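Numbering (the UniProt record's numbering), first residue to last: 1 to 256. Idealized CB from N, CA, C, for every residue including glycine. Please read all numbers here as calculations on a predicted model, not as lab measurements. One structure below.
Dropping the structure here:
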């Protein structure tokens with residue numbers, strides 16, 4: 001993660017962005033079958049949380065929670081050169097399906113917005129392989145890309161982030177997120193969280209202009225977030241940011 005990214009204009013792609021596009025050429029995503037407790041994603045979660053002393057030891061060496069099985073949950077593994085590197089879970093919150101970790105803590109904030117017809121994505125449970133996080137410092141970007149893809153696919157109003165207070169600045173710098181809810185506690189976590197969010201219709205064009213590795217094709221989004229018959233659980237889907245960038249450049253040239 002480059003420490004000087006925040007000083008760059010939101011419209012200017014950086015050398016950092018180009019480097020991540022190169023890494024992304026080796027990235028694949030796979031949506032997991034949530035009922036399959038043998039999926040390596042659940043073991044990756046367990047190992048990550050054990051390193052941080054968030055969990056006691058259990059003989060199965062996996063970690064799941066009831067929200068994994070909610071009808072609006074999408075859980076993914078992120079692979080580089082075929083190896084599982086990280087994972088994330090995303091809830092799609094609508095007025096008709098009000099289930100997610102952030103909603104459980106900030107119902108007083110988000111409930112009235114849902115009553116007005118708004119919708120959200122809520123990426124949580126980001127975990128990474130320890131060695132992978134050292135080898136690929138940009139792994140959070142490659143993983144959080146799924147949150148932006150989900151936000152575009154579902155056409156939501158906000159992409160939510162319930163994060164440690166000290167991490168809010170990162171989300172403001174990269175995703176142009178703004179404060180939405182005060183500092184609170186969540187479950188058995190030993191640290192507080194705050195709610196921030198990115199207003200997708202306003203920020204997404206600026207984000208992908210500055211960081212083109214967040215781009216994606218409709219085909220990639222459909223393969224990961226589509227309904228019954230479109231998604232094959234466990235099937236790896238190649239990242240398409242470079243392809244989408246090329247398509248947009250060709251369209252811009254044709255329009256001149």
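For residue i, count neighbouring Cβ atoms within 10 angstroms of its own Cβ and tell me buried if that reaches 16, exposed if not.
i           : result
residue 10  : With a pLDDT of 46 at residue 10, under the threshold of 50, the modelled position of this residue cannot be trusted; read the value that follows with caution. Counting Cβ neighbours within 10 Å, residue 10 comes out exposed, since fewer than 16 surround it.
residue 249 : exposed
residue 101 : buried
residue 152 : buried
residue 1   : Any answer about residue 1 is weak, because its pLDDT of 30 lies below 50 and its placement is not dependable; what the coordinates show is given next. Label assigned to residue 1: exposed.
residue 259 : Any answer about residue 259 is impossible in this case: the structure gives the chain only from 1 up to 256.
residue 147 : buried
residue 34  : buried
residue 65  : exposed
residue 77  : buried
residue 190 : exposed
residue 203 : buried
residue 3   : In this predicted model, residue 3 has a pLDDT of only 34, less than 50, meaning its place in the structure is not dependable enough to derive any value.
residue 237 : buried
residue 220 : buried
residue 205 : exposed
residue 121 : buried
residue 19  : exposed
residue 263 : One cannot answer for residue 263 here, as it falls past the ends of the chain, which runs 1 to 256.
Cα-Cα, which of the options is closest to residue i?
i           : options             : result
residue 60  : 128, 183, 14 and 46 : 46
residue 215 : 199, 196 and 240    : 240
residue 73  : 29, 139, 125 and 52 : 125
residue 49  : 158, 89 and 129     : 129
residue 245 : 111, 21 and 115     : 21
residue 87  : 185, 43 and 187     : 43
Could you pull the DSSP bridge partners for residue i from this structure?
i           : result
residue 19  : Paired residue(s): none; residue 19 is not in a bridge.
residue 122 : 91
residue 238 : 28
Where do the N-terminal and C-terminal ends of the beta strand (DSSP E) with residue i fall, by residue?
i          : result
residue 28 : 27–31
May I ask which residues mark the beginning and end of the alpha helix (DSSP H) holding residue i?
i           : result
residue 264 : Residue 264 is absent from the model: the chain starts at 1 and stops at 256.
residue 213 : Segment: none, residue 213 is in no alpha helix (DSSP H) and carries neither H nor E.
residue 225 : 218–225
Output the residue ranges of the alpha helix (DSSP H) runs that lie fully inside the stretch 125–210 and measure 4 residues or longer, sorted by chain position.
130–135, 139–154, 168–175 and 200–210
Enumerated in chain order, which unbroken segments of the beta strand (DSSP E) with a length of 3 residues or greater are wholly contained in the stretch 30–112? 73–80 and 83–93
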